[in-house]
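> The sequence shown lines up with residues 987 to 1579 when you count with my numbering.
For glycine and all other residues, C-beta sits at the position ideal for the given N, C-alpha and C.
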Amino acid sequence: MDDQNKNLLLATGLSFAVMLAWFAIAPPQSPPPAVEDVSDTSPVANTNSNADVSTNIISGSAKSVAEAGRIKINTPRLEGSLSLLAGRIDDLRLKDYTETIEEGSPIVTLLSPEGSANAYYGLNGWAAASGVEPLDVPGPNTLWSSSDKFLTPNSPVTLTWENGKGLSFQRVISIDDNFMFNITQSVTNRGSSTAALAPYGQVARHGEPPNLKGFFILHEGMVRMSDGELNETDYGKMPKFEINPRERAPAEVIQVANGGWIGFTDHYWMTTMVPQGAFKSVAKYDINNDIFLTEAVQPTQTVAPGATTTVTSQFFAGAKEWEVIRTYQDQGGVEGFVDSIDWGWFYFLTKPIFWLLHTLNGYIGNMGWSIICLTLVIKALLLPLAYKSYVSMARMKELQPEMEKLKESAGDDKQKMQKGMMDLYKKNKVNPAAGCLPILPQIPIFFSLYKVIFVTLELRHASWFGPFNDLSAPDPTSIMNLFGLLPWSAPETGSIIALVLIGILPLLLGISMWMQQKLNPAPTDPTQAMIFTWMPWVFMFMLGGFASGLVVYWIANNTITFIQQYSIMRSQGVKPEVFSNIKDTFRKFKKGG
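1) Nearest-angstrom Cα distance between P1092 and T1086?
2) For A1293 and L1153, I'd like the C-alpha separation in whole angstroms.
3) By the 10 Å Cβ neighbour count, where 16 or more other Cβ atoms means buried, how is R1556 classified, buried or exposed?
4) Who are the near neighbours of I1541 in its chain, counting only those whose CB is closer than 6 angstroms to its CB and skipping five residues on each side?
5) Suppose you measure from the CA of L1487 to the CA of P1473; what does that come to, to the nearest Å?
6) Just the Cα atoms here: how many angstroms apart are S1592 and P1462?
7) Which class does P1522 belong to by DSSP, given the choice of helix, strand or coil?
8) Does the beta-carbon of G1530 have 16 or more other beta-carbons within 10 angstroms, so that it is buried, or is it exposed?
9) Where does F1532 land, buried or exposed, given buried means 16+ other C-beta within 10 angstroms?
10) Kindly indicate which three-state DSSP category Y1186 falls into: helix, strand or coil?
11) By how many angstroms is the C-alpha of T1442 removed from the C-alpha of I1277?
12) Should A1476 go down as buried or exposed, given a rule of 16 or more other Cβ atoms within 10 Å for buried?
13) In the DSSP assignment, find the alpha helix (DSSP H) that holds Y1411 and state where it starts and stops.
14) Looking at M1208: is its Cβ nearer than 7 angstroms to the Cβ of Q1300?
15) Report the three-state DSSP secondary structure of T1128 (helix, strand or coil).
16) Which of the three DSSP states is assigned to N1543 in this structure?
17) Could you check if P1196 is buried or exposed, using at least 16 other CB atoms within 10 Å of its CB as the buried criterion?
18) Strictly by DSSP, which residues pair up with N1217?
19) DSSP three-state label for P1562, please.
20) Would you list the one or two residues that DSSP bridges to V1051?
21) Rounded to whole angstroms, what is the Cα-Cα separation between T1258 and F1250?
22) Between which two residues does the beta strand (DSSP E) carrying R1079 extend?
23) Could you round the C-beta distance between P1139 and V1158 to whole angstroms and report it? I think they count as a contact, below 8 angstroms.
24) Check the DSSP bridge columns for F985 and list the partner residues they point to.
25) Can the beta-carbon of A1366 be found less than 7 angstroms from the beta-carbon of T1286?
26) Answer yes if the region 1166-1182 comes into contact with the region 1108-1126, meaning at least three C-beta pairs across the two stretches below 8 angstroms, and no otherwise.
27) Unbroken alpha helix (DSSP H) runs of length 4 or more, entirely within the region 1096-1124: which are they?
28) Quick one: what does DSSP say F1583 is sitting in, helix, strand or coil?
29) One question on the structure: do A1243 and A1269 come within less than 7 angstroms of each other, judged by their Cβ atoms?
30) Nearest by alpha-carbon distance to L1071: which of M1211, Q1551, G1111, N1104 is it?
31) What does the alpha-carbon distance come out to for the pair N1175 and N1149?
32) Below 7 angstroms between beta carbons: does that hold for V1324 and R1312?
33) Nearest-angstrom Cα distance between L1468 and I1490?
34) DSSP three-state call for R1312: helix, strand or coil?
35) Alpha carbon to alpha carbon, how far is T1345 from G1354? Give it in angstroms, no decimals.
36) For the region 1430-1438 against the region 1448-1467, are there 3 or more C-beta pairs whose distance is under 8 angstroms?
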């Protein structure tokens, strides 16, 4: 076998080995069953805002939540309501997103009140410190008053509560046109003694989300930014933050000096508290009630008699749209908010790849064609490597007759053969390793693009044409119904049958890889020839269950690579015998049969 085939086999085998190991070690998992019931009470351990501040935050009962009054939320992108019990933002749906691509599919529900399955909500309150009893501050069980009926971008709501001992509390909640709530809390001391208390915000989630992906490439769980440092903990690892009733402090507390945020992130949605200024960032888990908790406790406020103090914070609840959260970061001052998208280890590739894909889609308006254009750009950037590689391969092909003579003269003397080949390469200025150059960079690019397609919201339900109406999902077509020509449905996407009876895109992927192989003669060694023969079809079935947008990229990449290699080799005076190699393959197959 000549060295150009060795290099191609090595690089292709390396790509295959990495992808196969990735797929085998951490395949997508089935989501766990939904949590159907929650406890009426959920005691939560003490939270310290400062050394002298202790709060006992206890959620309200499901009955109390159901009986409390509500204020409707209606914005261009959100609908729902907030409860007067603790002023909880606990009923929220995303108008722009449906659960599936099917007609009539319900819109996505993000937050649900306590007492419902998979309760998930945010609330604010005050923690008592010196001079104030715990029941003298508004907490999770406090019933607020308000004359407002609607919360819209043009009409904020005002909640009020008095403790009957001289402290009057007010909370003003406003919302923008997207997903950010602004919360202004104030307390007026009409008593005769100084009061000390600390404001806090809390996001509570009862049980793991029912649609948890559980895939290692995606982070789902607690996410926070603390003075520029991103910290992530999966739901499965949060029990290590179990509340210890014998200790006053929760399991994990980080002091944030200059700004940050904390909350929970899912595949496409996120709910986070964004305090203004310094705060304590708290993550904990209530094992008795299976409740995941994140808290932001702001510094203690000392309020003298006759004085009023005011603190502000924000609450994000919505979709992780890149442009929206980037605006909150760049214009709203929410530090590192774009990093709430899980860019992964190859962030230095995923971020620019996504930016370019997003920009192309802004001009083209179709994500499928944008992926193909992205492939053209990537191949253009890698063209210098490809040119050097294919020129080297063309020169090695010219040296084939001399290499055959060298093999005959060296016989079984491997050392003589190796030395002769090295001298031949050196004399003709050929680098046998150059054949790997255009292939090896494709590995991190492949992973990065898969990350972009799998993680970013912009690819969710993104259509191309015909049946390809969700490029983040596997190919919906199948050989079973001749890719939609026969009047029966294809097997369910993700099933074993669907992986075997593949769609048109995986089939085109296999063909494109096979055609690319035929630019060079098959290896003379039978084992290596067999590996080359089966490689495209193994990849075809292995990638058949991947996101169709990724398969579109791979097909485009193979097609452009074929054109590049063919053109460059012809420019060097070497004519690739594509059709002859195809005929040889069928001739050997027929002979073997």
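So, from the data block:
1) Within the sequence shown, numbered from 1, the residue matching residue 1092 stands at position 106. Within the sequence shown, numbered from 1, the residue matching residue 1086 stands at position 100. Looking at the two C-alpha atoms, the distance is approximately 8 angstroms.
2) As a working mapping, residue 1293 is identified with position 307 in the sequence shown. As a working mapping, residue 1153 is identified with position 167 in the sequence shown. Spanning the alpha carbons of A1293 and L1153 requires a straight line of approximately 10 angstroms.
3) Locating residue 1556 in the sequence shown gives position 570, counting from the first residue. Exposed is the call here.
4) The sequence position of residue 1541 within the sequence shown is 555, counting from 1. Around I1541: L1494, L1495, S1498.
5) Within the sequence shown, residue 1487 is the residue found at index 501, counting from 1. Within the sequence shown, residue 1473 is the residue found at index 487, counting from 1. When rounded, the distance between both Cα atoms is 16 angstroms.
6) The displayed coordinates of the chain run from 987 to 1579. Any statement about residue 1592 would go beyond what the structure contains.
7) Looking up residue 1522 in the sequence shown gives position 536. Helix, per DSSP.
8) On the sequence shown, residue 1530 is found 544 positions in, with the first residue counted as 1. Buried: at least 16 other Cβ atoms inside 10 Å.
9) Within the sequence shown, residue 1532 is the residue found at index 546, counting from 1. Classification for F1532: buried.
10) The count along the sequence shown starts at 1 and reaches residue 1186 at position 200. Residue state, collapsed to three classes: strand.
11) As a working mapping, residue 1277 is identified with position 291 in the sequence shown. As a working mapping, residue 1442 is identified with position 456 in the sequence shown. Looking at the two C-alpha atoms, the distance is approximately 27 angstroms.
12) Taking the first residue of the sequence shown as 1, we reach residue 1476 at position 490. A1476 comes out buried.
13) As a working note, residue 1411 is residue 425 in the sequence shown. Where Y1411 is concerned, the enclosing alpha helix (DSSP H) starts and stops at 1400-1414.
14) As a first step, residue 1208 is located in the sequence shown; it is residue number 222 there, counting from the start. As a first step, residue 1300 is located in the sequence shown; it is residue number 314 there, counting from the start. No, the pair does not count as a contact, with Cβ atoms beyond the cut-off.
15) Residue 1128 sits at position 142 when you count from the first residue of the sequence shown. Looking at T1128 - three-state DSSP - the assignment turns out to be coil, as it is neither helix nor strand.
16) What you label residue 1543 is simply residue 557 of the sequence shown in a count that begins at 1. In this structure, N1543 counts as helix in the three-state DSSP scheme.
17) Here residue 1196 refers to the residue found at position 210 of the sequence shown. Under this definition P1196 is an exposed residue.
18) Along the sequence shown, one-based indexing puts residue 1217 at 231. BP columns for N1217 point to R1210.
19) Looking up residue 1562 in the sequence shown gives position 576. Residue state, collapsed to three classes: coil.
20) Numbered from 1 along the sequence shown, position 65 holds the residue referred to as residue 1051. DSSP, once it has assigned bridges, lists no residue as partnering V1051.
21) Residue numbering aside, residue 1258 sits at position 272 when the sequence shown is read from its first letter. Residue numbering aside, residue 1250 sits at position 264 when the sequence shown is read from its first letter. If I take the Cα positions, the gap works out to 6 angstroms.
22) Taking the sequence shown and counting its residues from 1, one reaches residue 1079 at position 93. That run of the beta strand (DSSP E) goes 1075-1084.
23) Looking up residue 1139 in the sequence shown gives position 153. Looking up residue 1158 in the sequence shown gives position 172. Actually they are not in contact, since the Cβ atoms of P1139 and V1158 sit about 14 angstroms apart, beyond 8 angstroms.
24) The first residue shown for the chain is 987 and the last is 1579, placing residue 985 beyond what the model contains.
25) As a working mapping, residue 1366 is identified with position 380 in the sequence shown. As a working mapping, residue 1286 is identified with position 300 in the sequence shown. Going by C-beta atoms, A1366 is not nearer than 7 angstroms to T1286.
26) yes
27) none
28) No answer is possible for residue 1583: it lies beyond the span of the chain, which begins at 987 and ends at 1579.
29) Residue mapping note: residue 1243 aligns to position 257 of the sequence shown, counting from 1. Residue mapping note: residue 1269 aligns to position 283 of the sequence shown, counting from 1. No, they are not a contact pair.
30) As a first step, residue 1071 is located in the sequence shown; it is residue number 85 there, counting from the start. Answer by Cα proximity: G1111.
31) Counted from its first residue, the sequence shown places residue 1175 at position 189. Counted from its first residue, the sequence shown places residue 1149 at position 163. So the two alpha carbons sit approximately 11 angstroms from each other.
32) For this step, residue 1324 is matched to residue 338 along the sequence shown. For this step, residue 1312 is matched to residue 326 along the sequence shown. Yes. Within cutoff.
33) Position 482 of the sequence shown, counted from the first residue, corresponds to residue 1468. Position 504 of the sequence shown, counted from the first residue, corresponds to residue 1490. Distance between the alpha carbons of L1468 and I1490: 9 angstroms.
34) Counting from 1 along the sequence shown, the entry for residue 1312 is found at position 326. Residue state for R1312 is assigned as helix, using DSSP reduced to three classes.
35) Position 368 of the sequence shown, counted from the first residue, corresponds to residue 1354. Position 359 of the sequence shown, counted from the first residue, corresponds to residue 1345. Roughly 13 angstroms separates the two Cα atoms.
36) Flag = no, the region 1430-1438 and the region 1448-1467 do not touch.
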